[in-house]
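See below for the structure under consideration.
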Amino acid sequence: MESMENWLQKAEVLNEALPYIQRFHGKIMVVKYGGSAMVDHELKKSVIRDVALLKLVGFRPIIVHGGGKEITKWVNKAGLETRFVNGLRVTDKETMEIAEMVLNRINKGLVSMMEKLGVHAVGISGKDGTLLRVEKKLSKGQDIGYVGEIKKVNTGLLEKLLNDDFVPVICPIGSDDAYHSYNINADDAACAIASAMGATKLAFLTDIEGVYRNPLDKILADFRDDDPGGGGISGERHGGRRNAAEAAELYRGDEGGRFPRPYSGRAYCALPASGILHGPRRRYRYHK
Numbered sequence: 001m002e003s004m005e006n007w008l009q010k011a012e013v014l015n016e017a018l019p020y021i022q023r024f025h026g027k028i029m030v031v032k033y034g035g036s037a038m039v040d041h042e043l044k045k046s047v048i049r050d051v052a053l054l055k056l057v058g059f060r061p062i063i064v065h066g067g068g069k070e071i072t073k074w075v076n077k078a079g080l081e082t083r084f085v086n087g088l089r090v091t092d093k094e095t096m097e098i099a100e101m102v103l104n105r106i107n108k109g110l111v112s113m114m115e116k117l118g119v120h121a122v123g124i125s126g127k128d129g130t131l132l133r134v135e136k137k138l139s140k141g142q143d144i145g146y147v148g149e150i151k152k153v154n155t156g157l158l159e160k161l162l163n164d165d166f167v168p169v170i171c172p173i174g175s176d177d178a179y180h181s182y183n184i185n186a187d188d189a190a191c192a193i194a195s196a197m198g199a200t201k202l203a204f205l206t207d208i209e210g211v212y213r214n215p216l217d218k219i220l221a222d223f224r225d226d227d228p229g230g231g232g233i234s235g236e237r238h239g240g241r242r243n244a245a246e247a248a249e250l251y252r253g254d255e256g257g258r259f260p261r262p263y264s265g266r267a268y269c270a271l272p273a274s275g276i277l278h279g280p281r282r283r284y285r286y287h288k
């Protein structure tokens, strides 16, 4: 059970958010969820409650989840080697099978938690309905196995689920033109889906504490992809950092399409604030 202090903090967030709830009613928000926040059961419950709250106040949320820590655990149990190249998991056939099994199990668990709160959710893999069509991804010219780069998002499928009042919970596994399975970095999947769906907001929830210009700089709650400072979003990748501007550029499209404003924060109470609060360069910190 959450403490009174936690409830008061969330009440404060909602009180400040009231002027913006109407403004964002019906808008799409993509939530990328990963890191240790997926392992800690209390944090997991908090995140799911927060997504449910956003749904109830009028957002149309889409969850894209990771599962790297759990995949690593099961890969090690199978006696296989875990390797990363430039922050991407090297995924051979055996590792791909384990990743698909683990991610699908995580997916159904998140859906069950959402349903228990009275919010209808549908768990889907990027393979379902060819939601995420990919091509083989190379890492600076190196073959890293069954790792995919998204080339097309089936937006019609997601629009149908949203219009039918479901919260899509997406497992980052895609397929190529020959229907082979590929592992997709969850950050990249969230960026691609947010861009394709014209999402208003994109939230990164992880155990890393936020978005930084430099490793020792202050957290930026409000990061714009046109920020000349570049900035980095802390994520699940081995080594703990990736460039947010790079991710945005990957899925902007050749015609320079609109990219949503990304946010990042620790899981506790981060989501309602990042989803609803508005204002240039607002800085905040979150703790467990």
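If you use UniProt numbering, the sequence shown corresponds to residues 1 to 288, in order.
Cβ atoms here follow ideal geometry from the backbone N, Cα and C, with glycine treated the same way.
Alpha-carbon to alpha-carbon, residue j and residue i
i: Ala-16; j: Leu-8; result: According to the sequence displayed, residue 16 carries Glu and not Ala. The alpha-carbon atoms of Glu-16 and Leu-8 are separated by roughly 12 Å.
i: Ile-170; j: Ser-3; result: 31 Å
i: Asp-187; j: Phe-204; result: 8 Å
i: Leu-56; j: Gly-156; result: 23 Å
i: Pro-61; j: Thr-95; result: 30 Å
i: Gly-34; j: Val-167; result: 17 Å
i: Ala-196; j: Lys-152; result: 8 Å
i: Val-102; j: Gly-58; result: 31 Å
i: Gly-126; j: Ala-190; result: 11 Å
i: Lys-73; j: Ile-98; result: 10 Å
i: Asn-6; j: Ala-37; result: 17 Å
i: Ser-175; j: Gly-123; result: 17 Å
i: Lys-69; j: Val-30; result: 21 Å
i: Ile-48; j: Lys-32; result: 12 Å
i: Ala-52; j: Val-90; result: 34 Å
i: Asp-128; j: Ile-21; result: 32 Å
i: Lys-140; j: Glu-159; result: 34 Å
i: Glu-100; j: Ile-150; result: 17 Å
i: Ile-71; j: Gly-148; result: 17 Å
Residue environment, residue i, which counts as buried when at least 16 other CB atoms sit within 10 Å
i: Val-75; result: buried
i: Gly-26; result: exposed
i: Tyr-179; result: exposed
i: Ala-11; result: exposed
i: Thr-200; result: buried
i: Leu-161; result: buried
i: His-120; result: exposed
i: Pro-19; result: exposed
i: Val-39; result: exposed
i: Asp-177; result: exposed
i: Pro-172; result: buried
i: Asp-50; result: buried
i: Gly-198; result: exposed
Whole-Å CB distance - residue i paired with residue j, under 8 Å assumed
i: Ile-193; j: Val-13; result: Rounded, the Cβ-Cβ distance is 25 Å, inconsistent with contact.
Checklist entry - Are at least three pairs of beta-carbons, each pair with one atom in the segment 84–91 and one in the segment 128–148, less than 8 Å apart? => result yes
Next on the checklist: I want to know whether the segment 107–125 touches the segment 44–51 - three or more CB-CB distances under 8 Å.
Outcome noted: yes
Next on the checklist: Any contact between the segment 113–120 and the segment 183–203? By contact I mean 3 or more CB pairs, one from each, below 8 Å.
Outcome noted: no
Next on the checklist: Using 8 Å as the cut-off, can you tell me whether the segment 129–143 makes contact with the segment 62–78, which would need three or more C-beta pairs spanning the two stretches below that distance?
Outcome noted: no
Checklist entry - What are the uninterrupted segments assigned as alpha helix (DSSP H) that are 4 or more residues long and contained completely in the segment 150–197, given in chain order? => result DSSP runs (the alpha helix (DSSP H)) wholly in the segment 150–197: 155–163 and 186–197.
Checklist entry - What beta strand (DSSP E) runs, 3 residues minimum, are completely inside the segment 98–157? => result 121–125, 132–139 and 142–153
Checklist entry - Which whole runs of the beta strand (DSSP E) in the segment 34–109 are 3 residues long or more, in chain order? => result 60–65
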